[in-house]
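This report refers to the structure that appears directly beneath it.
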Amino acid sequence: MGRNYSIGVDFGTESARAVLVDLESGEVVASHVKNYPHGVIDEELPGLGVKLDKDWALQNPSDYVEAFVIAVKEMLKKAEGVSPDEIVGIGIDFTSCTMLPVKRDGTPLCNLPSFRKHPHSWVKLWKHHAAQKEADRLNEVAGRMEDSFLPRYGGKISSEWLIPKIWQILNEAPEIYDEADRFIEAADWIVWQLTGRETRNTCTAGYKALWHKQKGFPDRSFFRSLDPRLENLVDEKLSRDLLPIGSKAGELTREMAEKTGLRPGIAVAAANVDAHVSAPAAGVVRPGTMLMIMGTSTCNILLGDEEKWVPGMCGVVEDGVIPGYYGYEAGQSAVGDIFAWFVKNGVPPAYHREAQEKGLSLHELLEQKAERMEAGESGLLALDWLNGNRSVLVDADLTGLILGLSLDTKPEEIYRAWIEATAFGQRMIMDTFIENGIPVDRLVACGGLPYKNQMLMQIYADVLNREVSVAAHLHTPAVGSAMFGAVAGGAFRSIVEASEKLAKLKPERFQPNQKNVQIYERLYQEYRRLHDLFGRGGNDVMKLLKQLKRGRGVPVSL
Ligand SMILES: Nc1ncnc2c1ncn2[C@@H]1O[C@H](COP(=O)(O)OP(=O)(O)O)[C@@H](O)[C@H]1O
Ligand SMILES: O=C(CO)[C@H](O)[C@H](O)COP(=O)(O)O
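Residue 469 in the UniProt record's numbering sits at position 469 of the sequence shown, and the numbers go up by one each step.
If you want it as structure tokens, here you go:
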């Protein structure tokens, strides 16, 4: 009898990673990352000359299938001595809400020649922010409902979630809305491509599509009051038939097995979300620990015994992360993306030369220079809203701000200020949970950033004034997906059992440095004042600027 293995595939913003996990030792025995050929499409439809408006972010669904096939095939090549017969399950996780319109057989509308040139037929990526108008209107209508679902979503639905995105399609391209037999999360769509059958999962339904374990979806009357054409959306184009996380969605088709080198019939787990699958992989299976999944954006996951309403959180869903607990989600729409933007746009040629001479990336060079500085030494304080604010303000129209610039400000000082700003944003989220009765005793970090930038992690420990542990698995979400794959394949009775056996943290932890804690505490008070002034209506200048940038003139309301 050979060993048992499970495959996890994490579909991130830019790439998909496949890992093969040994279910005895918990080790990742092989992995492979495949970038999406078309990446994030935010300027023009590839090769079609169709320009996109601001705030759009699309993807090509064919990239997901290609990335899955190549990542798994290459991973298997590296897994010497492992037979496909020893692989018991496959789990996948995806960014969310990343959604697409498809025909009844799963064909994406953007793959049909007649719709190829229409941006609304493509995948809307999680960070597509052009449905803010629909989100605002939805929040207004939901705010007037009796027994509204809004408190379960922190008081506001984000433009990143499913219903605003679908409504934007209906408003701007009714022909695409009519032609779509189904609207589906990319997570469920890829499971469909693997198993040959359409399934839906409770995680994305709960966090992104307003579904509640006891109450189901909001009533038809709610959808009708948004727009009469949406009245039967759930029955006509979504589904009430949902699989709980950890269950088996189906088995790998012969066609997919041939393409990847896997065995047909392997159990495929119900789809899941990147942030949520990371919890068991990082050992977060009980209340009290806040998980930070830190990459392009940061997602937070926290468990509780009760359903509490926390302003500005993304959502609370019973059994949404770990069965038996209420799973809370919050997050920041841009973190690594801010550093990427700065490295791309804000670094002078001399720094590029220096980085090249030293064999460092620009991030590494800036980290080296910035870590020599004391907390507060840059004289800068920033608001980290370069991609809007997901938690706790839930407003995609907010923008970034940097205060304290002078003629002697250096690039590394600005780089450090952006990192500090994202840490202050995390502190706002953590404090909001604590103030609303959800304790945070420990922090665990995963995602790409904790492995890439040690200075950043120390700043987080200092700003949050908590010890920060780091998950040992570099590809934490993929490992979490492999755990769900193993549960679906029958290797474990539950995801908690899989986590207890396989989750690992790094032995070293980041401890708060008390001198920095004091300085950052003072700066955080100022961050909160700026946050509330610009984010809670004290000064709407960011919205005015955004409206002018969109070419819509000065709005009457501002
Ligand atoms: N040394 C670094 N320090 C800080 N950020 C970095 C560094 N290197 C890369 N990044 C940022 O990491 C982000 C990617 O994070 P990662 O977790 O790998 O991907 P994803 O979020 O897509 O899963 C990018 O936004 C990039 O700007
Ligand atoms: O909202 C999400 C999860 O609920 C997104 O999936 C997430 O923010 C994107 O993740 P990443 O930054 O790792 O690409």
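Beta carbons: idealized from backbone N, C-alpha and C, even for Gly. Source: prediction; values computed, not measured.
Whose C-alpha, out of G154, D227, R144 and C97, is nearest the C-alpha of I184? Along the sequence shown, one-based indexing puts residue 184 at 184. The shortest Cα separation from I184 among G154, D227, R144 and C97 belongs to C97.
Any idea which residues DSSP pairs K34 with across the strands? Start at 1 with the first residue of the sequence shown, and residue 34 comes out as number 34. According to DSSP, which records beta bridges pairwise, K34 is partnered with A16.
Out of curiosity, what's the CA-to-CA distance linking P61 and A71? Taking the sequence shown and counting its residues from 1, the one referred to as residue 61 is at position 61. Taking the sequence shown and counting its residues from 1, the one referred to as residue 71 is at position 71. Near 16 Å, if we compare the C-alpha coordinates of A71 and P61.
Completely contained alpha helix (DSSP H) runs for the segment 129 to 154, where each covers 4 or more residues: Those alpha helix (DSSP H) runs which fall completely within the segment 129 to 154 and span 4+ residues are 132 to 144.
Is the separation between the beta-carbon of F223 and that of E179 shorter than 8 Å? In the sequence shown, counting from the first residue as 1, residue 223 sits at position 223. In the sequence shown, counting from the first residue as 1, residue 179 sits at position 179. No, the pair does not count as a contact, with Cβ atoms beyond the cut-off.
CB-CB length for Y328 against A370, believed under 8 Å: Locating residue 328 in the sequence shown gives position 328, where the first residue counts as 1. Locating residue 370 in the sequence shown gives position 370, where the first residue counts as 1. No, Y328 and A370 are not in contact; Cβ-Cβ is about 32 Å, not under 8 Å.
Where R17 and V554 are concerned, what is the direct C-alpha to C-alpha distance, given to the nearest angstrom? Counting from one through the sequence shown, the residue named residue 17 turns up at place 17. Counting from one through the sequence shown, the residue named residue 554 turns up at place 554. Approximately 45 Å, taken between the alpha carbons.
Could you give the distance in angstroms between the alpha-carbon of L380 and the alpha-carbon of K54? Numbered from its first residue, the sequence shown carries residue 380 at position 380. Numbered from its first residue, the sequence shown carries residue 54 at position 54. The straight-line gap from Cα to Cα measures roughly 29 Å.
What three-state label does DSSP hand K549 in the structure shown? Locating residue 549 in the sequence shown gives position 549, where the first residue counts as 1. In the structure shown, the three-state DSSP call for K549 is helix.
Distance, D10 Cα to G490 Cα: Position 490 of the sequence shown, counted from the start, is the residue given in the question as residue 490. Position 10 of the sequence shown, counted from the start, is the residue given in the question as residue 10. Taking the CA atoms as reference points, G490 sits about 21 Å from D10.
On the three-state DSSP scale, how would you describe A212? Here residue 212 refers to the residue found at position 212 when the sequence shown is read from its first residue. Sequence check: residue 212 is His here, not Ala. Three-state DSSP puts H212 in a strand.
Spatially closest choice to K248 from F339, P264, T199 and S221, by CA coordinates: Position 248 of the sequence shown, counted from the start, is the residue given in the question as residue 248. Among F339, P264, T199 and S221, the Cα nearest to that of K248 is on T199.
Distance between beta carbons of I176 and H129, contact taken as under 8 Å: Within the sequence shown, numbered from 1, the residue matching residue 129 stands at position 129. Within the sequence shown, numbered from 1, the residue matching residue 176 stands at position 176. With 8 Å as the limit, H129 and I176 do not qualify as a contact, their Cβ atoms being about 19 Å apart.
First and last residue of the alpha helix (DSSP H) that includes I419? Position 419 of the sequence shown, counted from the start, is the residue given in the question as residue 419. Where I419 is concerned, the enclosing alpha helix (DSSP H) stretches over P411 to E435.
Enclosing beta strand (DSSP E) for S278 [first to last residue]: Walking along the sequence shown from the start, residue 278 turns up at place 278. Where S278 is concerned, there is no enclosing beta strand (DSSP E), although the alpha helix (DSSP H) it sits in stretches over D274 to A281.
Under DSSP, the alpha helix (DSSP H) around F342 begins and ends at which residues? Counted from its first residue, the sequence shown places residue 342 at position 342. Counting along the chain, the alpha helix (DSSP H) containing F342 begins and ends at G336 to N345.
Exposure label - S378; buried when at least 16 CB within 10 Å: As a working note, residue 378 is residue 378 in the sequence shown. By the neighbour-count rule (16 or more Cβ atoms within 10 Å), S378 is buried.
Is the beta carbon of D22 sitting closer than 8 Å to the one on Y36? Mapped onto the sequence shown, residue 22 falls at position 22. Mapped onto the sequence shown, residue 36 falls at position 36. In this structure, Y36 does not lie closer than 8 Å to D22 by Cβ.
If we call anything under 8 Å between Cβ atoms a contact, is L303 one with V284? Position 303 of the sequence shown, counting from 1, holds the residue named residue 303. Position 284 of the sequence shown, counting from 1, holds the residue named residue 284. Between L303 and V284, the gap from beta carbon to beta carbon is short of 8 Å.
Where does S6 sit, in a helix, a strand or coil, going by DSSP? Counting from 1 along the sequence shown, the entry for residue 6 is found at position 6. Correct three-state label for S6: strand.
Taking 7 Å as the cut-off, is the CB of T422 close to at least one heavy atom of ligand 2? Counting from one through the sequence shown, the residue named residue 422 turns up at place 422. Checking every heavy atom of ligand 2 against the Cβ of T422, none is found closer than 7 Å.
Between the Cα of L125 and those of K208, A350 and G154, spot the shortest distance and give me the residue it belongs to. In the sequence shown, counting from the first residue as 1, residue 125 sits at position 125. Taking only the C-alpha atoms, the option nearest L125 is K208.
Since E251 sits in a beta bridge, which residues does DSSP pair it with? Along the sequence shown, read from residue 1 onward, the residue named residue 251 stands at position 251. A267, per the DSSP bridge assignment.
Count the other CB atoms, across all protein chains shown, that sit within 10 Å of the CB of R390; report buried if there are 16 or more and exposed otherwise. Residue numbering aside, residue 390 sits at position 390 when the sequence shown is read from its first letter. With 16 or more neighbouring CB atoms inside 10 Å of its own CB, R390 falls in the buried class.
Under a CB-based cut-off of 8 Å, is L291 close to chain C? Considering every chain present, this structure includes no chain C. It has just one protein chain.
Return yes when the Cβ of G8 is within less than 8 Å of the Cβ of S481, no when it is not. As a first step, residue 481 is located in the sequence shown; it is residue number 481 there, counting from the start. As a first step, residue 8 is located in the sequence shown; it is residue number 8 there, counting from the start. Taking 8 Å as the cut-off, the beta carbon of S481 is found closer than this to the beta carbon of G8.
Beta-carbon gap between L502 and G26 smaller than 8 Å: Along the sequence shown, one-based indexing puts residue 502 at 502. Along the sequence shown, one-based indexing puts residue 26 at 26. In contact: L502 and G26 (Cβ atoms closer than 8 Å).
When the Cα atoms are used, what is the spatial distance from D235 to E160? Residue 235 sits at position 235 when you count from the first residue of the sequence shown. Residue 160 sits at position 160 when you count from the first residue of the sequence shown. The alpha-carbon atoms of D235 and E160 are separated by roughly 22 Å.
Hey, would you say I190 sits closer than 8 Å to F94, going by beta carbons? Here residue 190 refers to the residue found at position 190 when the sequence shown is read from its first residue. Here residue 94 refers to the residue found at position 94 when the sequence shown is read from its first residue. At the C-beta level, I190 and F94 come within 8 Å of one another.
So, is N539 buried or exposed, given that buried needs 16 or more other C-beta atoms within 10 angstroms? Here residue 539 refers to the residue found at position 539 when the sequence shown is read from its first residue. In summary, N539 is exposed, with fewer than 16 beta-carbon neighbours lying within 10 Å of its beta-carbon over all protein chains present.
Taking the beta strand (DSSP E) that S469 belongs to, which residues open and close that run? If you number the sequence shown from 1, residue 469 lands on position 469. From DSSP, the beta strand (DSSP E) with S469 extends over V468 to V470.
Pull the bridge partners of N201 from the DSSP assignment, please. Residue 201 sits at position 201 when you count from the first residue of the sequence shown. Paired residues: L243.
By the DSSP assignment, the beta strand (DSSP E) with L443 in it spans what residues? Locating residue 443 in the sequence shown gives position 443, where the first residue counts as 1. Here the beta strand (DSSP E) through L443 covers R442 to C446.
Touch check for the segment 65 to 84 and the segment 142 to 156: three-plus C-beta pairs under 8 Å? no
How many whole angstroms separate the CB atoms of T253 and L194, which I take to be in contact at a CB cut-off of 8 Å? Within the sequence shown, numbered from 1, the residue matching residue 253 stands at position 253. Within the sequence shown, numbered from 1, the residue matching residue 194 stands at position 194. Right, the Cβ-Cβ distance comes to about 7 Å (below 8 Å), so this counts as a contact.
Pick helix, strand or coil for C110, following the three-state DSSP scheme. The sequence position of residue 110 within the sequence shown is 110, counting from 1. C110: helix per DSSP, three-state reduction.
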